[in-house]
Every structure is written in C-alpha cells, then in structure tokens.
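Read through the structure below, which is laid out as structure tokens, and then see the notes.
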Amino acid sequence: MRPAAHFTARDTWLNDPNGLLHHAGVYHLFFQNNREGQVWGPMSWGHATSTDLVTWSEHAVAIPNTAEENVFSGSAVVDVHNTAGFAGPGQTALVAIYTSAYTSASSRPGIQAQSLAYSLDDGHSWTRYANNPVLDTGSSDFRDPKVFWHGGDDGRWVMAAVQAVDRQVVIYSSPNLLDWTRESTFGPAHAVGGIWECPDLFPLAAPDTGGTKWVLVVSLNPGAIAGGSGTQYFIGDFDGSTFTPDRLSRSTEPADYDWLDYGRDYYAAVTFNDAPDGRRLMIGWASNWDYANDTPTHPWRSGMSLVRELRLVRCSDGRLRVAQQPVLPHSPSAVRVFDLEIPSSPGHRTDVVLGSGDPLSGTVTIAVDGDERTITCDRTRSGAVDFHPAFPSVDAAPLIDGDGATTHLKIVVDASILEVYVDGGLVTVTQQVFPHQPLTTLHLEPSPAR
C-alpha cells in the first residue's frame with residue numbers, strides 16, 4: 004500500500020514537512036523523521052528532493068538528533084545576501100531554522116528554542132551553527148519557525164513561530180537570521196480545542212483588486228473540523244510586523260472557520276520558499292495524531308500529501324477563500340485520477356463508490372447531497388479499519404460555491420491515500436485508506452437526497 008506520487012520514507016517514520024525550499028532547479032523536502040523506527044521517536048530532519056514534485060529521491064538524514072537535542076520542525080531559506088555570514092567567496096548558503104527540543108541530557112532540559120544549520124553545497128550536507136540557539140525565550144512550547152524574506156534588497160527576515168499551548172503565533176524579525184526582535188502576536192482565535200503548531204504566513208494575489216492578501220496558516224491538534232489533527236487558515240493583511248485578519252468569527256462552531264482540508268489526514272501543511280514563477284506550493288502530512296503510530300504499513304509509516312498550488316477565490320457570499328489544486332505534471336501508472344460532474348441541485352444525492360471489483364476488499368463512498376449541500380466521505384468499510392477505534396469515520400464538508408446544479412470532483416487515489424478536490428479545490432478532503440486490494444474502480448449510485 005505504498006503510494007507512488009505521495010512521498011514516503013524508505014523504511015522509517017515521518018511526520019511534519021520541514022524546510023520546504025526551491026533552489027537551483029531542485030525542490031527540497033525535509034521532514035520530521037525517526038531514523039530509528041516506524042513510530043514517533045527521537046526527531047531528526049530527513050531529506051528528499053524532486054524536480055517535478057511527484058518523483059522524490061530520499062537522501063541521508065540532513066540534521067540528525069543528538070543525545071542533547073531533538074530536531075523539531077522549522078523552515079529553510081536561501082541567504083542570497085549572505086546576511087548570516089556563513090558563505091565564503093563564490094558560495095551561497097542555505098540556512099535551516101529549526102526548533103531545538105532539548106533533552107534531559109542537555110544544559111536546557113525541556114526547553115524549546117530556535118537554532119540554525121547551514122549548507123554550502125546546495126543542501127547535500129549541513130553544519131550546525133556554533134552559537135545555537137539563536138532565539139531562546141525559556142519556553143517549553145515555543146516551536147516550528149517559518150522564516151521568509153520580506154521586502155526588497157533592503158528588507159529583513161520574518162519568522163512566524165508558535166507558543167503552542169497559548170494558541171498564539173508569534174512574529175519576529177531579523178536582519179541576519181542571528182539576532183531576532185519580537186514584533187507581534189496573533190491569537191488565540193477560531194479553533195482552539197488543541198495546541199497550535201506549524202504556522203505559515205505568505206501572500207497571495209487578490210482575485211478582484213489586483214492587490215495582495217496574506218494568509219496565516221495554523222495547524223491544530225486536537226480540535227480539527229473532522230476530529231484530531233487539522234489545519235485552519237486566516238486571510239488578512241501583513242505590514243511586515245503585524246498580521247491583521249479580515250474576519251474573526253465569534254462562533255464556537257468549527258464549521259464557521261476556514262479549513263485547508265475537511266478530511267482526517269491533512270496536518271502541518273506549509274509552503275515552499277522561493278518556488279519559481281511566483282507560485283505558492285504547499286504540502287502537508289497525510290495522517291492524524293489520533294492513530295498515526297498505528298497505521299498498518301511496514302517498514303515505512305505515513306506519507307505526505309500531494310503538493311498543492313494555492314490561489315485566492317472570491318466566493319458568491321463575498322468571502323475570500325483559499326482554493327487548492329494538486330500538482331500532477333504526470334501521473335504514475337498506479338495513481339488513479341477521476342474527474343466527475345455530479346448533480347447537486349435540491350432533490351439529488353449521488354454516491355460515488357470507489358472499489359477494487361471485489362466488495363470484500365474494501366470500498367469508499369463519497370456522497371454529494373444537494374439538499375444538505377454537503378459532501379461526505381465514508382471509509383468505515385474501506386478495508387483494514389480495526390487497527391484503531393478512531394480510524395473508521397464518515398467525514399463531512401460543505402459545498403461552498405458553484406452553480407448549485409452540479410459539483411465537480413477531482414478524486415486522486417494513490418494506494419493508501421485518497422484526495423478529493425471539490426469545485427476547483429475550494430474544498431478538499433484527504434483520507435488514508437487501507438483496502439485489501441487497490442481501489443481502481445468507480446461507479447455512481449444516484450438516489451433521492453435524504
């Protein structure tokens with residue numbers, strides 16, 4: 004059940020994507036990796052590269068854990084101006100900014116602080132900065148720095164990190180990646196049923212003004228829309244110091260917030276720095292902390308989502324929302340992609356049934372309900388479902404926009420990962436499934452809406 008287009012580690016555990024970067028024609032994917040086993044454990048930065056975002060090559064561990072330090076999530080940048088001074092004549096430094104999670108064997112037991120490592124050979128090898136950490140607030144829950152350059156040649160570095168238990172995003176600035184100044188905080192806001200992790204902050208073109216809006220992404224565990232782990236977002240403005248959202252709901256209902264994905268298996272999603280042609284490309288971890296350590300694969304465990312390209316869309320209710328489309332310049336033969344137009348006007352309900360030809364091997368039912376204006380994904384009969392009580396689920400998402408008469412579905416089936424893109428990606432649903440045979444068939448079962 005190893006996917007073909009979704010990255011998985013060769014024979015170890017992985018979780019959050021880290022250090023996403025495009026440099027010299029190569030996409031770098033670093034990731035949280037237990038190099039010693041198939042469950043979460045001592046964290047290092049694993050490393051993979053790709054030129055097409057579909058075919059990935061795994062490399063040696065980039066930043067290994069030590070007895071004193073686990074290497075938690077973070078980001079990576081190209082230090083074009085050599086602001087940190089790591090590069091010599093004719094060199095360009097890639098700099099990773101990661102969270103040092105200090106162990107009981109260190110001089111900072113239990114502390115989480117931000118540290119640097121750098122590469123002078125295009126990411127093949129990495130050296131820890133001798134004066135780590137570069138940002139230490141004395142906190143045990145301060146982590147996941149996303150760093151990017153803001154402004155032109157006279158700009159500065161900006162970091163978005165989290166105070167996880169406080170449900171806050173903390174924004175810092177620096178001229179050189181070494182010295183950091185606290186600028187502002189955002190939160191708590193919207194979904195706060197769990198800790199906040201893995202923030203990202205980036206601009207997207209506004210579709211109707213020619214201007215720019217900023218998107219703040221925050222992952223949450225637990226408390227997501229489908230239960231357990233998930234990723235929410237806010238749209239607003241950023242002046243280089245402070246993020247100001249356009250909309251803050253007073254509702255306590257998760258359905259009133261904006262979610263990057265309505266499935267059970269999309270977490271810690273962040274974007275690539277320096278993607279070419281101004282594209283904003285994102286990848287997430289395709290699992291859920293509710294059952295991540297128990298999924299029935301071997302010797303690898305868990306994978307990444309497909310890379311998605313993001314854009315802003317103005318919906319019929321006047322709100323801006325993030326739309327996502329999978330980046331699949333080519334599709335491996337084992338991957339099935341279905342494009343469907345499904346009736347969704349009142350009085351219509353259609354069940355889209357994925358299977359293998361043998362119903363005993365597992366089926367997944369995706370239902371489009373015109374009366375309820377919902378799409379649901381039922382994986383309760385999808386094959387191996389009894390490895391954890393939280394796994395069998397029926398997950399629902401709203402039909403946000405469209406013409407009201409039909410709903411477009413793009414369904415990507417890749418072994419044990421299923422991704423559904425609704426109406427141009429205004430809604431996405433990502434689910435792990437473990438059928439006893441690959442899901443290769445699809446048929447429709449129209450019925451009156453319930």
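Numbering of the sequence shown is given in my numbering, commencing with residue 4 and proceeding in unit increments. The C-beta atom is built at its ideal place from N, Cα and C for all residues, glycine as well. Treat the numbers as computed from the prediction; the structure is a model and nothing was measured.
Contact set for residue i: own chain, Cβ-Cβ below 6 Å, skip 5 residues either direction
i	result
SER319	ASP404
PRO449	THR353
Cβ neighbours of residue i in the same chain (closer than 8 Å, five flanking residues each side left out)
i	result
ALA452	Unreliable placement is indicated for ALA452, whose pLDDT of 49 sits below 50; no coordinate value is reported for it.
ASP139	ARG111, ILE114, ALA116, GLN117
THR215	PRO206, LEU207, ALA208, ALA209
MET307	HIS9, PHE10, THR11, LEU17, PRO20, LEU32, PHE34, ILE286, GLY287, TRP288, ALA289
SER143	GLY113, ILE114, GLN115
Between the CA atoms of residue j and residue i - distance to the nearest angstrom
i	j	result
THR11	SER305	7 Å
PHE205	GLU39	34 Å
PHE33	ARG131	16 Å
PHE394	THR188	35 Å
VAL98	SER419	34 Å
TRP183	GLY154	17 Å
SER103	VAL74	5 Å
THR431	ILE414	10 Å
GLY141	ALA164	14 Å
HIS301	ARG13	10 Å
ASP389	SER359	20 Å
THR106	ARG283	36 Å
ALA192	GLN171	8 Å
GLY365	PRO438	5 Å
THR247	GLU186	13 Å
VAL64	VAL57	20 Å
SER177	PRO441	49 Å
Residue i - containing beta strand (DSSP E), residue span
i	result
PRO148	145-153
LEU412	409-417
THR59	One detail in the question is off: residue 59 reads as Trp in this sequence, not Thr. Here TRP59 belongs to no beta strand (DSSP E), and DSSP marks it neither H nor E.
ILE114	Premise fails: ILE114 is in no beta strand (DSSP E) and is neither H nor E.
THR255	Per DSSP, THR255 belongs to no beta strand (DSSP E) and is neither H nor E.
GLN434	430-435
ALA208	198-208
THR215	215-224
ILE228	Looking at the DSSP string, ILE228 is not in any beta strand (DSSP E), and its letter there is neither H nor E.
TYR265	Element bounds for TYR265: n/a, residue is neither H nor E.
CYS380	377-381
GLU71	No beta strand (DSSP E) contains GLU71, which DSSP labels as neither H nor E.
ASN21	16-26
Reference residue i, options the options, closest by Cα
i	options	result
PHE151	ILE238, ILE100, GLN327, SER396	ILE100
ALA454	LEU24, SER107, SER222, ARG170	Since the first residue shown for the chain is 4 and the last is 453, residue 454 is missing from the structure and cannot be characterised.
ILE345	VAL173, TRP48, TYR424	TYR424
MET285	GLU72, ALA326, GLY91	ALA326
ALA272	ALA258, TRP288, VAL195	TRP288
ALA387	PRO299, ILE66, THR443, HIS411	PRO299
ASP342	LEU445, TYR121, GLU71, HIS31	LEU445
VAL316	ALA370, GLY428, PRO392, SER109	GLY428
TRP48	TRP59, THR58, HIS31, THR54	HIS31
GLY239	SER232, TRP217, LEU223, ASP259	TRP217
Interface flag, residue i vs chain B, CB-CB below 8 Å
i	result
ALA370	The structure shown contains no chain B, having only a single protein chain.
Neighbourhood of residue i by C-beta, 7 Å cutoff - its chain only, sequence neighbours within 5 removed
i	result
GLY158	TRP152
SER128	SER122
SER109	GLU71, GLU72
PRO6	GLY306, ASP417, ALA418, SER419, ILE420
GLY22	HIS31, PHE33, TRP48, GLY77, SER78, ALA79, ALA99
Decide yes or no for the touch test of the stretch 186-205 against the stretch 117-124: beta carbon pairs closer than 8 Å, at least 3 of them.
no
Hey, is the stretch 247-259 in contact with the stretch 290-308, meaning 3+ C-beta pairs nearer than 8 Å?
no
Are the stretch 214-232 and the stretch 327-335 in contact at 8 Å, needing three or more beta carbon pairs?
no
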